[in-house]
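Those protein sequences? They're chains B and G, same order as listed. Here the first sequence stands for residues 372 to 728, numbered as in this note's numbering. Here the second sequence stands for residues 372 to 728, numbered as in this note's numbering. In what follows, a single structure is set out as structure tokens and then discussed.
Number of protein chains: 2
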Amino acid sequence: MRPTLQTVADELGVSRSTVSNAYSRPDQLSAELREKVLETARRLGYPGPHPTARSLRRGTTGAIGVLLNAAVSVAFTDPYTVQFMSGLAAAAERHETGLLLVPLSGSDDETAVRLVQDASVDGFCVYGLPDGHRSLDAVRARRLPIVNADRRDDDPDAMFVGIDDAAAARTAGAHLAGLGHRRIAAIFALPASGRPTGPVSLAGPDDLPYHFSRERLRGYRDALAEAGVGWAELAFAGAASYTRADGAAAAALLLDRPPRPTAIVAVNDMLALGVLDALAERGLRPGHDISVIGFDDVPEAATAGLTTVRHSAREMGRVAGGLLLDPPAGRAARDVVLPAELVVRASTGPAPTEGAR
Amino acid sequence: MRPTLQTVADELGVSRSTVSNAYSRPDQLSAELREKVLETARRLGYPGPHPTARSLRRGTTGAIGVLLNAAVSVAFTDPYTVQFMSGLAAAAERHETGLLLVPLSGSDDETAVRLVQDASVDGFCVYGLPDGHRSLDAVRARRLPIVNADRRDDDPDAMFVGIDDAAAARTAGAHLAGLGHRRIAAIFALPASGRPTGPVSLAGPDDLPYHFSRERLRGYRDALAEAGVGWAELAFAGAASYTRADGAAAAALLLDRPPRPTAIVAVNDMLALGVLDALAERGLRPGHDISVIGFDDVPEAATAGLTTVRHSAREMGRVAGGLLLDPPAGRAARDVVLPAELVVRASTGPAPTEGAR
DNA sequence: CCGTGTTACTGTATCGATCCAGAAGACTGA
DNA sequence: TCAGTCTTCTGGATCGATACAGTAACACGG
């Protein structure tokens, strides 16, 4: 039988409490006895206090749950997510805390809810889930600390970390407009509800289920409106996921049917890189024939010469972890807005003059 | 106060067991009563059975622990690890199981042990830890299922998944020898014991603390010995970590002091890609001036034209998860050796004739 | 020698569920 | 009709620890 505290206590003729204290509160017993206890434990093959039992009694688990928007298996291949996780992990390391990845992806709603309910964690980091995802109710029901990363919802108790997406997008939009672009298309992704990549009509940014996409599109809308380009004049394509391949597929639809836009904005870099792929396939020169703007400034963006909005996913992860593991007292401090800036690279340039090509 | 099973039971005038059954064993009570219980629970804001309490009673936690060799924060940036994790996550998803990342990196030995002891998991996947890592004893003491990925140790109970590293390396070594290479150097990494990247002398492969490095070097040794190249004729450089940058640094040491090798083999692709970087910096042509072989065939290897040994990290992760979550009956089936094959690309070519350059 | 502390350890209640033996009632078949 | 089975629900034991109040022993100042 697996040895327990009691086993060790009996062997030594001391009380269970004393053995427990030997592990968790060394100041509660003499150094000699403690040594004797630990030695006996070693001899009996007692691996130390049972983590689950300890968690139950203590009321804390030493782990935080991470809810990812995509399949864990996909998330790992997305550089932005990887950076975010890397920051989160750094924070967890500092607090000697584990990271429990909750695989929500393939699961139906019911399973997703159960997974959230069953997660032994002290708090949740919700990363990029679409609004209204079934698991969100389950998360709230747990009444644990929650930090939303790159997303906001109507939960007044949830903490937040992210950037001012709308403001950043406004800057990017102004940049485009300043270059003379008027025929502009936008690419975003829609949750994997089986919806195919394709052109869509969009009454307004509010129709998008992802907070960051929504805000970013809102920023573009405002900036372009200021330049005299109305919402109705924009073209849209919805990708099936936030991946490069789907970005390329979405771009293809925009490029292959007239009127061809002079600029394409994507709500993140992966989609934008896909756009560049689609341009390359067609022999179109980014920044000359068609301007492209991404968002996030993942490492590949620099290599590809992609104009984008730079902010630090890693820092965001770090802050998210900090908020969960060491929540600041003030309510205001639980809402962290990180800086972001437009990085102009070769993928944007003056709009080609009408009929020049 | 947070509602418990009892709260719901009292409200409804039924027993605690019945409420429990409503959640966990629907066949044990009538559909109507179950609906009433769930409805009451919803009304009271009861989030479902407490995961920790349930785990304690049931004896299972619904999560598996992952011990990574590097800082979690670094691991996420290594493509091979990412692929492995992606496979592991896929397996976890299928079994509705969480993945608990145990951040061992920055921690001193004592902390590492505590983290392992405190992890609420049903099993451990040990991935690429160096032999003798302190946490390994702690893992064994837990007496949980263990699967070693890409590593073997002397624990007879541990399961295994990996490839036949030595055989694969032998094939690669034969390839090099067949191309006429005789002045050959090898690059590997040493655990982050503060040891700097630098040239080292190595009595034999056995001195390496990483199983896979050891085996791979062993394979090269055998193949080269067969071609008449003795161990003493080989040059070595130890990198501080398995990263591209450290690979480049290690390669620099080999390239900048005569006699310059005609071929450099690295125990993984990241180091090898670093070697290519170092070559590029010096205007040396891989496959002409210097041949380079990696190991793993990460996606970047194809782009870089790197000759390497292909095997699937993703599949390995998947198998590791399967072994943990659904252990096969037979002892033999708990030792899975996946296929691997040499992929010859542009980075290897005939050895330059002496003094040709 | 008493009162007050301090140190070192014990014992019981408790964390929040699940398990399992068993009871009560309904149903079945001969 | 009555034993036997099924369905539905109950109650107590239990998982393995920690918290906290309490006790005994010893020290120390006055």
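Cβ atoms here follow ideal geometry from the backbone N, Cα and C, with glycine treated the same way.
- Its Cα nearest to that of leucine 472 of chain B, the residue B:Asp489 stands out among B:Ala634, B:Asp480, B:Asp489 and B:Arg465.
- Assignment of valine 636 of chain B by DSSP, reduced to helix, strand and coil, places it in the strand class.
- A Cβ-Cβ separation of about 7 Å places threonine 448 of chain B in contact with serine 457 of chain G under the 8 Å criterion.
- For aspartate 706 of chain G, the three-state secondary structure derived from DSSP is strand.
- Assignment of serine 683 of chain B by DSSP, reduced to helix, strand and coil, places it in the coil class.
- Taking a 10 Å sphere around the C-beta of glutamine 377 of chain G, we find fewer than 16 other C-beta atoms and assign the residue as exposed.
- At a beta-carbon threshold of 7 Å, the residues of chain B lying near aspartate 489 of chain G are Pro422 and Gly433, ordered along the chain.
- Relative to the Cα of glycine 384 of chain B, the nearest Cα in the group B:Met372, B:Ala412 and B:Arg589 belongs to B:Ala412.
- Alanine 722 of chain G places its beta carbon 9 Å or farther from that of histidine 546 of chain G.
- Using a 10 angstroms sphere on the CB of glycine 499 of chain G, the tally of other CB atoms reaches 16 or more, which defines it as buried.
- Look at the beta carbons and you see the stretch 704-713 of chain B touching the stretch 528-536 of chain B: at least three pairs across the two are nearer than 8 Å.
- Exposed is the label assigned to methionine 372 of chain B, since fewer than 16 other Cβ atoms lie within 10 Å of its Cβ.
- For the pair glycine 654 of chain G and alanine 619 of chain G, the CB atoms are not nearer than the 9 Å cut-off.
- Contact between isoleucine 661 of chain B and alanine 621 of chain B does not hold, since the beta-carbon distance rounds to 14 Å and is not under 8 Å.
- Proximity to leucine 626 of chain B across B:Ala603, B:Ala717 and B:Leu650 peaks at B:Leu650, based on C-alpha coordinates.
- Pairwise C-beta distances place the stretch 500-514 of chain G out of contact with the stretch 664-680 of chain G, as fewer than three of them are shorter than 8 Å.
- In summary, the residues of the stretch 449-473 of chain G whose CB is separated from some CB of chain B by less than 7 Å are Val453, Met456, Ser457, Ala460, Ala461, Ala463, Glu464, Glu467, Gly469, Leu470, Leu471, Leu472 and Val473, in the order they occur in the chain.
- Proximity of alanine 512 of chain G to chain B, defined by a Cβ-Cβ separation below 9 Å, is satisfied.
- When DSSP assignments are scanned along the stretch 386-472 of chain G, the uninterrupted stretches of beta strand (DSSP E) that are 3 or more residues long and fall wholly within it turn out to be 434-439.
- Secondary structure of leucine 486 of chain G (DSSP, three-state): helix.
- Neighbours of proline 418 of chain B in chain G, taken as residues whose beta carbon is under 8 Å from its own, are Gln488, Ala509, Ala512, Arg513 and Arg514 in chain order.
- Taking C-beta atoms as the reference points, isoleucine 635 of chain G and isoleucine 555 of chain G count as a pair closer than 9 Å.
- Cβ atoms of leucine 409 of chain B and glutamate 467 of chain G stay farther apart than 8 Å, at about 37 Å.
- Nearest in C-alpha terms to aspartate 508 of chain B, of all of B:Arg615, B:Glu481 and B:Val492, is B:Glu481.
- Within chain G, the C-beta atoms nearer than 9 Å to that of threonine 482 of chain B come from Glu467, in chain order.
- Secondary structure at serine 584 of chain G: helix, using DSSP grouped into helix, strand and coil.
- Listed as beta-bridge partners of glycine 618 of chain B by DSSP are no residues whatsoever.
- Taking a Cβ-Cβ threshold of 7 Å, none of the residues of chain B is close to leucine 579 of chain G; the smallest such distance is about 26 Å.
- A Cβ-Cβ separation of about 7 Å places isoleucine 435 of chain B in contact with phenylalanine 495 of chain B under the 8 Å criterion.
- In the structure shown, the three-state DSSP call for serine 612 of chain G is coil.
- Non-local beta-carbon contacts of alanine 463 of chain G in its own chain, meaning distances under 6 Å to residues more than five positions away in sequence, involve Leu470 and Gly692 in chain order.
- Counting only residues of its own chain and dropping the five nearest sequence neighbours on each side, arginine 592 of chain B has a CB closer than 7 Å to the CB of Pro576 and Trp602.
- Note on arginine 585 of chain B: 16 or more other CB atoms within 10 angstroms of its CB, so buried under the neighbour-count rule.
- Take the alpha-carbon of serine 506 of chain B and the one of arginine 716 of chain G: they are about 47 Å apart.
- Note: aspartate 667 of chain B is bridge-paired with B:Arg681 in the DSSP secondary-structure output.
- The distance from the Cβ of proline 570 of chain B to that of alanine 608 of chain B is about 5 Å, consistent with a contact at the 8 Å cut-off.
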